[in-house]
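Here's the structure we're looking at; comments come further down.
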Amino acid sequence: MARSNAYPSKFLIAAGGMVYLFLYIPLAVVVLFSFNDSKLNAEWVGFTWKWYDKLFQNGDILHAAANSLIIAVISALLATILGTLAGLAIYRFRQKWLSALVLGPIAMPDILIGVSLLLMFILFNVTLGMTSIILAHVSFCIGFVALAVQSRLSGMDQSLVEAARDLGATPFQAFRLITLPLLKPGIIAGGMMAFTLSIDDFVITFFTAGVGSSTLPLEIYSMVKIAVTPEVNAVSTLLMLVTLVLITALSRISPTVLRN
Amino acid sequence: MQTATEAPQAVLEIIDVSRRFGDFVALDKVSLNIQAGEFFTLLGPSGCGKTTLLRLIAGFDQVDEGEILLDGKPLTALNPEQRPIHTVFQSYALFPHMTVAENIAFPLRMTKIAKPVIDLMVREILEDVRLPDKAKHYPDELSGGQKQRIAIARALVNRPRLLLLDEPLSALDAKLREQMQIELINLQKEIGITFVYVTHDQGEALALSHRIAVMNKGTISQIDEPSVLYSCPDNRFVADFIGQCNLLDATVVSVAEKQLRIAIAGLGELDVCANPEIDFAVGDTCALTLRPEKIRLAAQLDITDDEVLFSGKVHDMLYLGDVTVYIIELANGVLIEAMLANDAPGRTRLFDTGDAVKIAWHTDAGHLVA
Chain A
0 MARSNAYPSK FLIAAGGMVY LFLYIPLAVV VLFSFNDSKL NAEWVGFTWK
50 WYDKLFQNGD ILHAAANSLI IAVISALLAT ILGTLAGLAI YRFRQKWLSA
100 LVLGPIAMPD ILIGVSLLLM FILFNVTLGM TSIILAHVSF CIGFVALAVQ
150 SRLSGMDQSL VEAARDLGAT PFQAFRLITL PLLKPGIIAG GMMAFTLSID
200 DFVITFFTAG VGSSTLPLEI YSMVKIAVTP EVNAVSTLLM LVTLVLITAL
250 SRISPTVLRN
Chain B
0 MQTATEAPQA VLEIIDVSRR FGDFVALDKV SLNIQAGEFF TLLGPSGCGK
50 TTLLRLIAGF DQVDEGEILL DGKPLTALNP EQRPIHTVFQ SYALFPHMTV
100 AENIAFPLRM TKIAKPVIDL MVREILEDVR LPDKAKHYPD ELSGGQKQRI
150 AIARALVNRP RLLLLDEPLS ALDAKLREQM QIELINLQKE IGITFVYVTH
200 DQGEALALSH RIAVMNKGTI SQIDEPSVLY SCPDNRFVAD FIGQCNLLDA
250 TVVSVAEKQL RIAIAGLGEL DVCANPEIDF AVGDTCALTL RPEKIRLAAQ
300 LDITDDEVLF SGKVHDMLYL GDVTVYIIEL ANGVLIEAML ANDAPGRTRL
350 FDTGDAVKIA WHTDAGHLVA
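Here the protein sequences come in this chain order: A and B. Counting in numbering that gives the first Met the number 0, the first sequence runs from 0 upward without gaps. Counting in numbering that gives the first Met the number 0, the second sequence runs from 0 upward without gaps.
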């Protein structure tokens with residue numbers, strides 16, 4: 000009896016383990032070789048911090064990283080504000096076409112968005128640079144924030160707002176004291192999602208970036224064109240770390256934790 | 000001196016109020032008055048318009064026609080926050096991100112009362128609902144009954160003119176519900192605020208209310224005290240909706256001042272008391288409403304002059320412990336429900352299905368409706 004139950008579960012553990020290895024070995028290799036004391040990603044020679052040292056002396060990479068951060072922060076902020084408003088509007092007016100319009104870009108292929116944004120910027124004579132990248136990132140992040148906010152709203156007891164009005168709150172007070180605090184986890188989750196999407200976006204950024212506005216993913220790509228240097232490993236490791244921290248924070252916030 | 004003879008002014012007057020949602024008429028020219036200090040219940044099946052009426056009073060919805068007056072002043076132009084009326088919601092609607100004390104303080108904060116006064120009032124009302132140690136708890140840490148009491152405390156803390164309660168006990172289990180019913184009655188008596196209570200549970204309505212408005216399909220079927228509603232229903236709907244009731248279709252045969260003679264097809268003629276509200280003429284169709292507990296049932300029955308007697312046989316029976324409900328088939332095939340208290344000492348002798356029995360009732364036991 001016990002054996003027949005044990006067999007499939009062992010098999011499942013093995014299969015599951017393989018999937019995780021498949022997913023994480025490439026990442027582990029990158030992290031590992033970022034500490035390898037050799038110019039080649041071939042064999043382990045010894046531990047070193049020198050690639051990180053070199054990284055922090057590489058002006059191009061630092062500049063690109065700074066660009067990425069600025070773009071991610073500004074576009075996440077803008078997308079959070081606009082996305083929250085969009086989420087509220089979708090919930091309030093309950094129009095199918097409205098949600099389709101806001102959420103559509105989520106399903107759209109990045110390459111299509113990239114090309115069409117490039118065409119639009121050229122059409123309206125927008126100089127490609129930080130501004131165009133931020134506009135592009137805001138446009139594809141709004142949908143994600145709206146989705147997070149709207150799903151939080153539809154899980155909210157509608158009588159809470161009515162109760163607030165009933166007990167003497169004006170519509171604005173009810174929004175500020177009841178709706179907004181209850182939406183906060185959704186808004187924060189949406190904002191963090193926008194930040195992570197923005198900081199590692201390549202395709203759309205590739206089409207909308209101009210001279211001097213290279214972001215970290217673009218910079219890494221241009222370095223890799225020659226060879227995957229240990230420096231690339233180091234910068235990838237750092238990028239991974241930042242994303243990981245944010246994702247962890249996100250998963251802590253987004254479950255229905257209401258209190259602060 | 001003129002005022003002494005006038006009827007006391009109603010707290011709330013609903014005058015010819017109609018509300019339509021597309022083609023659906025939720026309320027059709029509804030009028031009623033609610034007096035100060037009353038425990039008034041809107042009772043009816045789902046979709047009868049009772050919740051719509053409550054939402055109109057609270058201000059969450061607007062009337063299509065008619066007027067709602069509070070202390071003689073029109074309410075319809077006021078937003079919910081401008082009305083001195085609070086609601087206890089079916090879901091309680093406690094704010095999950097605020098503590099119990101913050102929830103109760105909410106309506107006080109909206110009126111710009113000084114913080115120390117607010118704290119005092121919150122503490123007082125928490126004493127009133129006997130939950131003084133729950134001030135710092137969050138709503139999801141409370142039991143259903145506790146949430147219920149906090150919701151009521153929050154709605155009462157700044158003494159509204161009117162408290163609306165929307166099926167507030169429906170989420171509680173039967174035992175707790177009975178306990179909360181007694182608490183509600185006492186609370187209402189103590190604070191003297193007018194309660195307007197919405198429910199589909201006729202037992203709850205009978206137990207709690209001073210007066211009940213029975214609603215059906217957007218209109219009011221009858222407004223009366225619970226005992227009047229139960230014993231003298233105005234129409235078939237009320238008779239059928241409140242408690243268990245036999246409805247015997249009949250035709251009026253003769254009319255005297257206090258008594259009528261009616262004929263029930265296949266059963267014969269019998270005398271019934273006249274209904275002072277309705278003028279019946281010979282030939283009118285009517286229905287005799289007869290409560291199961293007003294029917295006598297035995298193998299052999301001696302009857303008095305003012306009783307009517309029929310024979311039948313037991314069609315079905317339900318043993319409920321304290322009482323047994325018998326479904327008796329009469330000569331014309333009509334099924335009639337009779338209830339017998341199992342109050343004899345020892346194990347009560349029951350009839351079996353198929354047994355021949357006699358049933359009888361007083362001529363004034365039934366109530367005649369149109």
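Note that CB positions come from ideal geometry on N, CA and C, so glycine has one too. Treat the numbers as computed from the prediction; the structure is a model and nothing was measured.
Quiz item: Given that a residue counts as buried once 16 or more other Cβ atoms are within 10 Å of its Cβ, and exposed if not, what is B/M0?
Solution: Model confidence at B/M0 stands at a pLDDT of 39, short of 50, so the residue's coordinates are unreliable; what they give is reported in the following sentence. So B/M0 ends up on the exposed side.
Practice problem: Count the other C-beta atoms from every protein chain shown that fall within 10 angstroms of the C-beta of A/S250, then say buried if there are 16 or more, exposed otherwise. | Solution: exposed
Quiz prompt | Span of the alpha helix (DSSP H) around B/A204 | solution = 201-207
Quiz item: Going by alpha carbons, who is nearest to B/A198 out of B/K188, B/K111, B/R176, B/L186?
Solution: Checking the sequence, you will find Thr at residue 198 of chain B rather than Ala. Checked all of B/K188, B/K111, B/R176, B/L186; the closest Cα to B/T198 is B/R176.
Exercise. Indicate whether at least one CB of chain B lies closer than 7 angstroms to the CB of A/R251.
Key: no
Quiz item: What span of residues does the alpha helix (DSSP H) with A/F161 cover, start to end?
Solution: Note on residue identity: the sequence assigns Glu, not Phe, to residue 161 of chain A. Its alpha helix (DSSP H) spans residues 158-165.
Quiz item: Considering only C-alpha positions, which residue in the set B/V252, B/V313, B/H361, B/L183 is nearest to B/L349?
Solution: B/V313
Quiz item: Going straight from the alpha carbon of B/L93 to that of B/P138, what length do you get?
Solution: 7 angstroms
Practice problem: Keeping to the same chain, check which residues put their C-beta closer than 8 angstroms to that of A/Q172; ignore five residues upstream and five downstream. | Solution: A163
Self-check item: Within 9 angstroms of chain B by C-beta, residues of the region 171-186 of chain A in sequence order
Solution: Q172, A173, L176, I177, P180, L181, K183
Quiz prompt | Interface residues of chain B facing A/L166 [CB-CB closer than 8 angstroms] | solution = E80, H85, F105, P106, M109, R153, A154
Quiz item: Rounded to a whole number of angstroms, what is the C-alpha to C-alpha distance between B/C231 and A/F174?
Solution: 49 angstroms
Practice problem: Keeping to the same chain, check which residues put their C-beta closer than 7 angstroms to that of B/L329; ignore five residues upstream and five downstream. | Solution: L266, F309, G311, I335
Quiz prompt | Cβ contact (3+ pairs, closer than 8 angstroms) linking the region 195-214 of chain B and the region 133-152 of chain B | solution = no
Exercise. Compare the C-beta of B/H370 with all C-beta atoms of chain A and state if any pair is closer than 7 angstroms.
Key: Outside the modelled stretch of chain B, which goes from 0 to 369, sits residue 370 of chain B, for which no answer is possible.
Practice problem: Starting from B/Y325, follow its DSSP beta bridges and name the residues at the other end. | Solution: B/M316, B/A337
Self-check item: Of the residues B/V10, B/P115, B/S208, the one placed nearest B/D72, counting alpha carbons only
Solution: According to the sequence provided, residue 72 of chain B is Lys. The question's Asp does not apply to it. Of the listed residues, the one whose Cα sits closest to B/K72 is B/V10.
Quiz item: Are the beta-carbon atoms belonging to A/E292 and A/I60 less than 7 angstroms from one another?
Solution: Here chain A comprises residues numbered 0 to 259, so residue 292 of chain A is not present and cannot be evaluated.
Quiz item: Of the residues A/I225, A/I203, A/A226, A/V227, which one's Cα is nearest the Cα of A/I110?
Solution: A/I203
Quiz item: What is the DSSP secondary structure of B/R129, counted as helix, strand or coil?
Solution: coil
Quiz item: Residues bridged to B/R54 by DSSP?
Solution: DSSP, once it has assigned bridges, lists no residue as partnering B/R54.
Exercise. Return helix, strand or coil for B/F88, following the three-state DSSP convention.
Key: coil
Quiz prompt | Rounded separation between A/L182 and A/I132 - CA only | solution = 28 angstroms
Quiz prompt | Same chain, Cβ closer than 8 angstroms to A/M239, five either side skipped, listed in chain order | solution = L26, V29, V30
Quiz item: In chain A, which residues lie less than 7 angstroms from B/S220 when you measure between Cβ atoms?
Solution: Chain A residues near B/S220: none, gap ~28 angstroms exceeds 7 angstroms.
Practice problem: Report yes if the C-beta distance between B/L287 and B/L247 is below 7 angstroms; otherwise report no. | Solution: yes
Quiz item: What residues from chain B crowd round A/D156, counting only those whose CB sits closer than 7 angstroms?
Solution: S90, A92
Practice problem: Indicate, with yes or no, if the ligand NAD has a heavy atom lying under 6 angstroms from the CB of A/L31. | Solution: Absent from the structure shown: the ligand NAD. Ligands present: none.
Practice problem: Starting from the beta carbon of A/T169, find every residue of chain B whose beta carbon is closer than 9 angstroms, and list them in chain order. | Solution: N78, E80, M109
Quiz prompt | Alpha carbon of B/D165 to alpha carbon of B/F279, nearest angstrom | solution = 39 angstroms
Quiz item: Any C-beta of chain B sitting closer than 7 angstroms to the C-beta of A/T255?
Solution: Here the model assigns A/T255 a pLDDT of 46, short of 50, so the residue's position is not dependable, and the following value carries that caveat. Chain B, which has no Cβ nearer than 7 angstroms to the Cβ of A/T255, makes this no.
Exercise. Note the first and the last residue of the continuous beta strand (DSSP E) segment covering B/L246.
Key: 245-254
Quiz item: Under a CB-based cut-off of 7 angstroms, is A/A162 close to chain B?
Solution: yes
Exercise. Quick one: give me the first and last residue of the alpha helix (DSSP H) that A/A64 is part of.
Key: 58-92
Quiz prompt | Bounding residues of the beta strand (DSSP E) (the contiguous stretch that carries B/N32) | solution = 23-33
Quiz item: Helix, strand or coil for A/E42 per DSSP?
Solution: coil
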